[in-house]
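*Asks:* Those letters in the sequence shown? Residues -25 to -1, 1 to 308, per mature numbering (1 follows the signal peptide of the UniProt record, and there is no 0), in order.
My questions all concern the structure below.
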Amino acid sequence: MSRTRTERLVNLVICLLSTRRFLTAAQIAATVPGYEHDPEDAKDHEAFQRKFERDKAELRELGVPLETGTASVFDAEPGYRIAHREYALPDIPLEPDEAAAVGIAARLWQHAGLAAAASSGLAKLRAAGIDVDPQATLGLEPMVTVDPAFAPLTAAARDRREVSFDYRVPDRDAPTRRRVQPWGVVCWRGRWYVVGHDLDRAATRCFRLSRVVGAVRATGDAGAYEPPAGVDLISHVARWSGPVERTGRATVLAAPGRAAGLRRWAVESEAGPDGDRLVLPYADADFLAGQIVGYGPDVRVLEPPEVREAVIQRLKEVAARHDELAVAGGGAR
């Protein structure tokens, strides 16, 4: 399935989940990116109908409970919606590493352009006077962002286009220009990297996206190169970054019988009346905070202050994001 069609199907699902009423094909065409056409042009409208029929069949094959019906007996044209009761998932408990994988998917979601398209579609529904359920797609909202270089570098790797960008390394004051044939973008130990062929150094290199300064510029034609067959991007990043030296020590208080993942990580454990004190080795306070927040109220940081503050900051970001969603939802009613 092409990326364009995948985006269209996802936005169609969001559209149909966001209201409990049946939407006609005309309303869907006016709302969902990818269905734009001139309804007065017979050929254009016929092409839309074929596309829409294929997409409906695809959703049903994927198990999406697509219903057909009318909002009232006076409606002449049938509409479509997704049955919430059949589509909703039960609560799924996730370990922190599993939650991190979901977080990565959310980052990819946002920077594939889907979130913006979805928001635009929901705004069109509201403008048409259709009641939008602000809670229906909360699970699809990205809670975090990635580096600005993520989108252009993933696009360049996909299209096999050379790029140039300014890159800053810790031991130099000024960034230097790099010309790279990107092979792919991967996440390693909580950070994003692009791996590819450095044209000026004639060697394989990887670059941390957070150190890219300014815009990434595509400088070559699409399909200009091919990455090595079977290249393992993660292995390249792992060799380049070297082993992690966990010289820091954090003490947390874990509820009895909870936080099994942190218990496996701990180098010391002491039972107490209020919970178990765990000593965790770490190299990066922010990375450790990301692991701890996944356990919610079952884990509390006692020391050091840098880890405690990093956890508090993570929680503030989550709370602020949910406040934004609540305000947006309240304004739509």
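No residue lacks a Cβ here, since even glycine has one placed at the ideal position from N, Cα and C.
1. Have a look at residue 311 and V160 and give me their C-alpha separation to the nearest angstrom.
2. Going by DSSP, name the residue or residues bridged to I57.
3. Rounded to whole angstroms, what's the CA-CA distance from K99 to E11? Just pull it up for me.
4. For F23, which of helix, strand or coil comes out of DSSP?
5. Rounding to the nearest angstrom, what Cα-Cα distance links G271 and R233 in this structure?
6. Residue ranges of each beta strand (DSSP E) run of no fewer than 3 residues wholly in the stretch 170 to 194, ordered along the chain?
7. Return yes when the Cβ of L277 is within less than 7 Å of the Cβ of L228, no when it is not.
8. Quick test of the definition: if touching needs 3 or more C-beta pairs under 8 Å, does the stretch 282 to 291 touch the stretch 247 to 265?
9. Closer than 8 Å is the cut-off here; do at least three beta carbon pairs connect the stretch 173 to 181 with the stretch 125 to 132?
10. Which whole runs of the beta strand (DSSP E) in the stretch 232 to 267 are 3 residues long or more, in chain order?
11. Does DSSP classify A293 as helix, strand or coil?
12. Whole angstroms are fine: how far does the CA of V(-13) sit from the CA of V39?
13. Helix, strand or coil for P157 per DSSP?
14. Quick one: Cα of F23 to Cα of S(-8), how far?
15. Rounded to a whole number of angstroms, what is the C-alpha to C-alpha distance between G250 and L208?
16. Which stretch, first to last residue, makes up the beta strand (DSSP E) that contains R(-6)?
17. Between the Cα of R133 and the Cα atoms of A149, P150, Q156, D141, which residue gives the shortest distance?
18. Among residues of its own chain, excluding the 5 on either side of G189, which ones have a beta-carbon nearer than 6 Å to its beta-carbon?
19. Could you round the C-beta distance between R186 and V144 to whole angstroms and report it? I think they count as a contact, below 8 Å.
20. In terms of alpha-carbon separation, which member of P8, Y55, A260, V282 lies closest to A(-1)?
21. Using a Cβ-Cβ cut-off of 6 Å (strictly less than) and excluding sequence neighbours within five positions of L34, which residues of its own chain qualify?
*Replies:* Well, looking at it:
1. This structure gives no information on residue 311, because the portion of the chain shown stretches from -25 to 308.
2. L41
3. Its pLDDT being 48, under 50, K99 is placed unreliably in this model, and the value from its coordinates should be taken loosely. Going from the Cα of K99 to the Cα of E11 covers about 13 Å.
4. The answer is helix: DSSP assigns F23 an H, G or I state.
5. 11 Å
6. 178 to 183, 187 to 193
7. yes
8. Yes, the stretch 282 to 291 is in contact with the stretch 247 to 265.
9. no
10. You should have 243 to 247, 250 to 257.
11. Here the sequence assigns Val to residue 293, which means Ala is not the residue at that position. Helix.
12. 8 Å
13. Note: P157 maps to strand in three-state DSSP.
14. 22 Å
15. Cα to Cα, G250 sits roughly 41 Å from L208.
16. Per DSSP, R(-6) belongs to no beta strand (DSSP E) and is neither H nor E.
17. Q156
18. Apart from the 5 residues on each side of it in sequence, G189 sits with its Cβ closer than 6 Å to the Cβ of D141 in its chain, given in chain order.
19. 7 Å
20. Y55
21. L41
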